[in-house]
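Quick note, the sequence shown lines up with residues -9 to 143 if you use this note's numbering. The beta-carbon is built from N, C-alpha and C at its ideal position, and this holds for glycine as well. In what follows, a structure is listed as structure tokens, so that the remarks can point back to it.
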Amino acid sequence: METDGTRDALAEQLREIERGRAAPWISYPPMAWWWPLGFGVWTATYTLSQGLLDVPLTFLSSLLHLAVALLAVWWMRRVRGTYPSGRSPRELNGSFALLFVGAAVVALAVWGAFAWWGPWAGAGVGFVLAWGLVAAYEQQYAAAARRVRERLG
């Protein structure tokens, strides 16, 4: 891309570059309605498998849960194309923080409920919190992506 050397032309070129870098991060179709629910079910069934099954079955259940997680990643890549790479737009940082801090909170809450009240309580806490976390993340990410699109025109 060439410029005539004016500030406006250079500024427009920089905006075009930023739009191109941001595009993979903000051009996703919305996730299916069942996506957050699936995270809740996965968390609950994993928690139950750790608390109710004998060791050999716990290992097999862990492998099954790993396979389901990998299948979910494969499906998401198929639906959304490829995962973006490079630096994300700054507006998305809040949704990433929510996801990572929220995942730690969910894990600690599940562990606590499991330890104090047993696997069924841990599974119930995990179901509700994982579902809520993924739903909140999806909403916050969509709002942040909308703000990026508005800023970049």
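Alpha helix (DSSP H) segment containing residue 77, residue limits = Unbroken run through residue 77: none, as it is neither H nor E.
Nearest-angstrom Cα separation, counted from residue 9 out to residue 149 = Limits of the chain in this structure are -9 at one end and 143 at the other, which puts residue 149 out of reach.
message = By alpha-carbon positions, which one of 50, 6 and 13 ends up nearest to residue 136?
response = When each option's Cα is compared against that of residue 136, the closest is 13.
key: Start-to-end residues for the alpha helix (DSSP H) that takes in residue 94   = Counting along the chain, the alpha helix (DSSP H) containing residue 94 begins and ends at 83 to 107.
message = Are the CB atoms of residue 138 and residue 16 within a distance shorter than 7 Å?
response = Closer than 7 Å, so yes.
task = Specify the secondary structure class of residue 22 as computed by DSSP and reduced to three states.
result = Here residue 22 sits in coil by DSSP.
query = Just how far apart, CA to CA, sit residue 107 and residue 119?
reply = Going by the C-alpha atoms only, they are around 17 Å apart.
query = Is residue -4 helix, strand or coil when you go by DSSP?
reply = When DSSP states are grouped into helix, strand and coil, residue -4 belongs to the coil group.
Distance between beta carbons of residue 26 and residue 125, contact taken as under 8 Å = Yes, they are in contact, since the Cβ atoms of residue 125 and residue 26 sit about 4 Å apart, within 8 Å.
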